[in-house]
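The structure under discussion appears below in the form of structure tokens.
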Amino acid sequence: MSAASPGIEPAGTPTITGTASGKRVLLAKPRGYCAGVDRAVIAVEKALEVYGAPVYVRKEIVHNRHVVDTLRERGAIFVDETSEVPEGALVVFSAHGVSPMVHAEAAERNLRTIDATCPLVTKVHKEVNRFANDDYDILLIGHEGHEEVEGTAGEAPDKVQLVDKAEDVDKVEVRDPSKVIWLSQTTLSVDETMERVDQLRERFPGLADPPSDDICYATTNRQVAVKAMAAECDLVLVVGSTNSSNSKRLVEVALKAGARASYLVDFAHEVDEAWLSGVTTVGVTSGASVPDVLVMELLDWLAERGYGDVDEVTTANEKISFAPPKELRKV
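According to the numbering used here, numbering within the sequence shown proceeds without interruption in unit steps and concludes at 333.
Below, the structure is given as structure tokens:
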């Protein structure tokens with residue numbers, strides 16, 4: 003998988019400074035909001051501003067408790083299924099994407115829709131369509147039940163097989179081993195994904211790779227930043243929600259990269275002070291759906307407990323942004 007992405011400036015080898023003794027924080031950069039999340043959240047805010055409450059949102063717009071609760075307070079109504087939206091109402095599709103069946107259901111109910119699917123997820127949808135049309139068997143590496151996976155697989159359910167765990171590899175059946183390709187959910191661990199690809203390739207030596215990386219730049223960059231500092235950390239705190247795939251992966255990456263301990267928290271008050279026992283260096287990062295205000299609150303919380311020395315560990319500078327959903331461009 004390639005290391006560079008459009009709109010990303012490499013930061014060179016990160017330098018970790020700080021005192022040899024005493025408490026300190028290593029703060030990962032990049033962290034927090036990615037371009038797709040920013041676009042989706044702004045889409046709901048703009049819809050509320052232009053059309054007024056209520057604005058319905060199918061599923062969570064992004065996987066973050068704080069963001070969802072804040073938008074709910076402003077008048078967004080989150081539903082699990084399109085059938086819960088009153089006929090003719092306005093509904094926003096989340097950043098994780100939806101299947102063609104969901105679009106069809108919305109049309110049947112005369113719903114006005116705003117599609118806030120991340121463009122990088124849309125890219126994978128298009129890849130599914132392309133290779134399904136070419137009659138490939140598509141092996142989708144991802145987490146069963148995740149909204150993104152459901153939307154992506156729904157593009158060609160008769161051609162897509164989900165590969166989640168290692169044991170799923172042996173269950174795969176293909177029609178023609180020379181026409182098999184792997185694609186992936188955008189928010190996975192890069193290392194774990196490539197392990198799964200290697201296992202698949204042992205069964206299918208002719209397995210084709212995606213035309214370009216499916217794991218998004220933001221997921222990759224946040225994992226790289228964590229790897230750069232994890233070995234220096236007694237503890238890594240990842241700000242993010244438990245249903246956020248990329249946030250959970252950061253905990254796993256931190257531990258594999260040498261952190262002594264790592265935990266996922268939504269808010270600073272969720273940190274157990276017992277975790278700080280004997281800890282000199284705390285690493286801090288956040289998932290791609292996390293507003294930086296939550297990270298700042300965690301830094302304040304740590305400073306109150308003596309961890310006021312903060313060094314930022316920068317591995318890339320992100321300059322990517324996406325245009326608003328087409329339904330909002332004219333307003």
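By construction, the Cβ of each residue, glycine as well, lies at the ideal position given by its N, Cα and C atoms.
Note that the structure is a prediction, hence the values are computed from the model and not measured.
- Boundaries of the alpha helix (DSSP H) harbouring I44: 37–53, taken from the DSSP string.
- Sixteen is the threshold: when 16 or more other Cβ atoms of the shown chains lie within 10 Å of the Cβ of H65, as they do, the residue is buried.
- Under DSSP, R198 takes part in no beta bridge, so it has no partner.
- In the three-state reduction of the DSSP assignment, R224 falls in the helix class, which pools H, G and I.
- Setting aside the 5 residues that flank it on each side, R331 is surrounded in the same chain by A325, each with a C-beta closer than 8 Å to its C-beta; the list follows chain order.
- A78 and L113 do not touch by the CB rule: their CB atoms are close to 15 Å apart, not below 8 Å.
- The beta-bridge partner set that DSSP reports for V57 consists of A78.
- Taken atom to atom, the span from the alpha-carbon of S264 to that of V228 is near 11 Å.
- Taking a C-beta distance under 8 Å as the contact criterion, A270 and C235 do not qualify as a contact pair.
- In the same chain as V192, and ignoring 5 residues on each side of it, the C-beta atoms closer than 8 Å to its own belong to M3, I217, T221, T222, Q225, in chain order.
- Taking C-beta atoms as the reference points, V87 and V81 count as a pair closer than 8 Å.
- Assigned with DSSP and collapsed to three states, T317 falls in coil, not helix or strand.
- In this structure V199 is buried. Its beta-carbon is surrounded by 16 or more other beta-carbon atoms within 10 angstroms.
- The C-beta distance from V130 to E157 rounds to 4 Å, short enough to meet the 8 Å contact threshold.
- With respect to G99, T154 sits close: the two C-beta atoms are nearer than 8 Å.
- Take the alpha-carbon of E320 and the one of E314: they are about 15 Å apart.
- Between the C-alpha atoms of E329 and I44 there is a straight-line separation of about 13 Å.
- Across the set S249, G280, F133, A55, the C-alpha of G280 shows the shortest separation from the C-alpha of G308.
- Going by C-alpha positions, A290 is about 20 Å away from H127.
- For the pair of segments examined, the region 103–112 was found not to touch the region 132–143: the number of CB pairs separated by less than 8 Å stays below three.
- Here K161 has A134, I140 as same chain residues with Cβ atoms under 6 Å from its own Cβ, once five neighbours each way along the sequence are excluded.
- Residue environment: E272 is assigned as exposed (fewer than 16 neighbouring CB atoms within 10 Å of its CB, all protein chains considered).
- Per DSSP, the unbroken beta strand (DSSP E) holding W184 starts and ends at 182–186.
- Apart from sequence neighbours up to five positions away, the residues of its chain that approach S246 with a beta-carbon distance below 6 Å are H65, G289, S291, ordered along the chain.
- Fully enclosed alpha helix (DSSP H) runs of no fewer than 4 residues occupy 149–155 of the region 130–174, in order along the chain.
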